[in-house]
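Okay, structure first, notes after.
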Amino acid sequence: MDSQEFREFAKAAIDIIADYWDNIRTRDVLPSVEPGYLINALPEDAPEHPEEWKDVIKDFNEHILPGTTHWHSPRFHAFYPTGNSFASIVGNLLSDGLGVIGFSWMSSPACTELEVVTMNWLGKLLGLPEEFLNCSSGPGGGVIQGSASEATLVGLLVAKEKTLRRLKKNDPNIDEDLIKAKLVAYTSDQCNSSVEKAGVLGSMKMKLLKSDADGRLRGDMLKKAFEEDKAQGLIPCYVVATLGTTGTCAFDPLYELGPVCNEANVWLHVDAAYAGSAFICPEYRELMRGVEYADSFDVNIHKWMLVHFDCSAMWLKNGHDLINTFDVQRIYLDDIKTTIKIPDFRHWQMPLGRRFRALKLWSVLRIYGAEGIRRHIRNHISLAQYFATLVRADERFVVEPEPSMGLVCFRLKHGDKITKKLLDNLTEKKELYMVAGSCRRNYVIRFVICSRVITKEDVDYSWNKIKVETDIVCSEEIHTKPQIPAINHIQAATLCEKSK
Ligand SMILES: *Cc1c(COP(=O)(O)O)cnc(C)c1O
Numbered sequence: 000m001d002s003q004e005f006r007e008f009a010k011a012a013i014d015i016i017a018d019y020w021d022n023i024r025t026r027d028v029l030p031s032v033e034p035g036y037l038i039n040a041l042p043e044d045a046p047e048h049p050e051e052w053k054d055v056i057k058d059f060n061e062h063i064l065p066g067t068t069h070w071h072s073p074r075f076h077a078f079y080p081t082g083n084s085f086a087s088i089v090g091n092l093l094s095d096g097l098g099v100i101g102f103s104w105m106s107s108p109a110c111t112e113l114e115v116v117t118m119n120w121l122g123k124l125l126g127l128p129e130e131f132l133n134c135s136s137g138p139g140g141g142v143i144q145g146s147a148s149e150a151t152l153v154g155l156l157v158a159k160e161k162t163l164r165r166l167k168k169n170d171p172n173i174d175e176d177l178i179k180a181k182l183v184a185y186t187s188d189q190c191n192s193s194v195e196k197a198g199v200l201g202s203m204k205m206k207l208l209k210s211d212a213d214g215r216l217r218g219d220m221l222k223k224a225f226e227e228d229k230a231q232g233l234i235p236c237y238v239v240a241t242l243g244t245t246g247t248c249a250f251d252p253l254y255e256l257g258p259v260c261n262e263a264n265v266w267l268h269v270d271a272a273y274a275g276s277a278f279i280c281p282e283y284r285e286l287m288r289g290v291e292y293a294d295s296f297d298v299n300i301h302k303w304m305l306v307h308f309d310c311s312a313m314w315l316k317n318g319h320d321l322i323n324t325f326d327v328q329r330i331y332l333d334d335i336k337t338t339i340k341i342p343d344f345r346h347w348q349m350p351l352g353r354r355f356r357a358l359k360l361w362s363v364l365r366i367y368g369a370e371g372i373r374r375h376i377r378n379h380i381s382l383a384q385y386f387a388t389l390v391r392a393d394e395r396f397v398v399e400p401e402p403s404m405g406l407v408c409f410r411l412k413h414g415d416k417i418t419k420k421l422l423d424n425l426t427e428k429k430e431l432y433m434v435a436g437s438c439r440r441n442y443v444i445r446f447v448i449c450s451r452v453i454t455k456e457d458v459d460y461s462w463n464k465i466k467v468e469t470d471i472v473c474s475e476e477i478h479t480k481p482q483i484p485a486i487n488h489i490q491a492a493t494l495c496e497k498s499k
């Protein structure tokens with residue numbers, strides 16, 4: 000393929016993307032395909048001879064698009080949003096065009112320095128304490144990780160090394176392996192699955208402490224856990240607090256957890272994967288009160304800030320901690336010596352190689368401006384509030400807990416079984432996509448405002464689909480009741496228990 004053909008191929012692809020966005024409402028959010036559909040449709044072996052780009056485009060339209068879940072459809076209300084914008088697409092394209100690997104400053108100075116610049120811009124926009132920024136007088140700084148999962152694991156590994164060093168300083172003869180086996184990490188029972196996984200990957204016991212009735216991990220609970228473990232000879236090492244839990248978007252009080260961690264010399268990592276983007280609006284910063292106690296802070300810009308996966312922005316107060324943990328030298332990696340101020344980002348992450356991810360972030364920050372991003376965040380939050388009003392006006396439903404950010408959790412008053420039936424039926428129809436959660440032991444449906452292009456009319460559309468399906472499941476419930484009395488007894492018992 001020469002550059003002329005590339006122009007045609009790429010332009011055709013851009014047209015497909017633009018059409019896709021223009022017509023995003025015409026597709027069911029969930030595809031109508033069976034497992035194995037694509038494996039059966041495509042050849043078993045790669046082509047021996049070069050093929051035409053037009054055939055690739057044709058097969059994309061015929062085979063790939065029909066099997067895609069449309070994450071950017073205004074009918075997509077599952078999980079949390081994933082970032083997408085034309086500005087980010089172009090930034091990614093430019094990055095792919097250059098195709099550099101930026102593990103050291105010399106391997107591509109612009110790649111490193113644009114990351115420093117944009118992470119400083121972003122840190123300031125979110126209102127992070129200056130200590131976290133590369134432009135401060137201290138050793139802090141930001142780095143773009145691939146995912147919040149990686150950031151949590153990086154934090155854990157650095158905390159482990161830092162604790163080992165501290166203990167070794169006090170007693171140079173200690174047995175490292177014995178110490179490692181005693182280290183403990185803590186988080187809440189509301190943590191994202193990736194936090195628990197970081198404990199598995201990093202070989203550290205991860206304790207999931209009980210959250211309060213609002214899904215928050217409290218300071219006294221953490222303090223008690225530290226004390227009990229210390230009494231048993233264990234060593235508290237790492238805490239992951241969540242700002243915006245995946246289940247119900249609850250916020251752990253950093254102002255309670257921070258002092259407990261600082262006093263015990265325990266690393267505090269903040270997982271603000273989804274909700275962290277909202278701190279670009281000053282009115283939400285109260286929710287991160289106490290962030291100055293944290294050692295590291297991570298927000299998935301690729302979730303709510305219009306930038307494509309992967310762009311997880313992580314800041315650390317002390318870049319030396321990373322280098323002490325991850326610096327492994329090789330002669331071919333010899334470089335002019337850089338400093339914390341101009342980092343060799345390979346020491347700040349797990350892989351050696353790294354893409355030019357700052358380009359898509361830079362493109363979004365410039366094309367939207369802080370003002371445009373704030374408008375996007377505020378619009379999503381106000382649409383969630385609007386949806387909650389609609390649900391509350393229907394007496395068959397309960398909204399619980401209070402809607403938080405772009406998330407509304409709701410359930411039918413008649414219990415878990417019928418709420419689950421409602422969600423199952425809606426999913427089967429493929430017109431809306433939501434997933435379940437749990438709140439105070441109740442099964443709830445999570446409704447998230449996700450799409451960049453969602454409007455009030457789209458929310459009305461989704462709500463109407465929910466209402467129509469509710470009419471159906473409620474009338475079925477009435478009709479089936481007398482025929483299966485055994486089940487009804489159980490239902491009645493559960494209902495009674497619930498209402499206690
Ligand atoms: C989405 C999410 C994660 C996982 O993010 P990845 O970037 O996919 O690793 C972690 N924590 C919270 C609170 C999340 O919402």
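First residue of the sequence shown? That's 0 in my numbering, and the numbers climb one at a time after it.
Just so it is clear, CB atoms sit at the ideal spot from N, CA and C, and this is done for glycine as well.
On a predicted model such as this, the values are computed, not experimentally measured, just so you know.
- Between the segment 153-171 and the segment 240-259 there are fewer than three inter-stretch CB-CB distances shorter than 8 Å, so the stretches are not counted as touching.
- Closer than 6 Å to some heavy atom of ligand 1: that describes the Cβ of A147.
- Here DSSP, grouped into helix, strand and coil, assigns S148 to helix.
- Here the alpha carbons of F102 and Q231 stand approximately 42 Å from one another.
- Distance from the C-beta of N191 to the nearest heavy atom of ligand 1 is below 6 Å.
- Annotated as proximal: S362 and V89, with beta-carbon spacing under 7 Å.
- Relative to ligand 1, N83 has its C-beta separated by 6 Å or more from all heavy atoms.
- Residue environment analysis places S210 among the buried positions, since at least 16 neighbouring C-beta atoms fall within 10 angstroms of its C-beta.
- One Cα belongs to L121, the other to N22, and the distance between them is close to 32 Å.
- A45 carries a coil assignment under DSSP once its states are collapsed to helix, strand and coil.
- Distance from the CA atom of G141 to the CA atom of G368, rounded to whole angstroms, is 20 Å.
- Beta-bridge pairing by DSSP links F75 to Y432.
- Taking L421 as the centre and dropping the five residues before and after it, the same chain places the C-beta of L411, I444, I465, E468, T469 and V472 closer than 8 Å to its C-beta, in chain order.
- Cβ-Cβ separation between A293 and G257: approximately 7 Å, consistent with a contact (criterion under 8 Å).
- At least one heavy atom of ligand 1 falls within 6 Å of the beta-carbon of D270.
- Burial is judged here by how many other beta carbons sit within 10 angstroms of a residue's own beta carbon; I300 has at least 16 and is buried.
- If you draw a 10 Å sphere on the C-beta of D320, you find 16 or more other C-beta atoms in it, and that means buried.
- For T241, the pairing in a beta bridge is given by DSSP as D270.
- Ligand 1 never approaches Y283 closely enough for any of its heavy atoms to be under 6 Å from the residue's Cβ.
- Judged by DSSP in its simplified three-state form, K204 adopts strand.
- Cβ-Cβ distances below 8 Å link E149 to S311, Q348 and M349 in the same chain, with the five nearest sequence neighbours on each side left out; the list follows chain order.
- Taking C-beta atoms as the reference points, Y237 and L208 fail to come closer than 7 Å.
- Of the candidates L351, D415 and D219, L351 places its Cα closest to the Cα of V99.
- Going by DSSP, D21 is part of the alpha helix (DSSP H) stretching over S2 to D21.
- Of the other Cβ atoms in all chains shown, 16 or more fall within 10 Å of the Cβ of H346; this residue is therefore buried.
- Distances between the C-beta of S276 and the heavy atoms of ligand 1 are all 6 Å or more.
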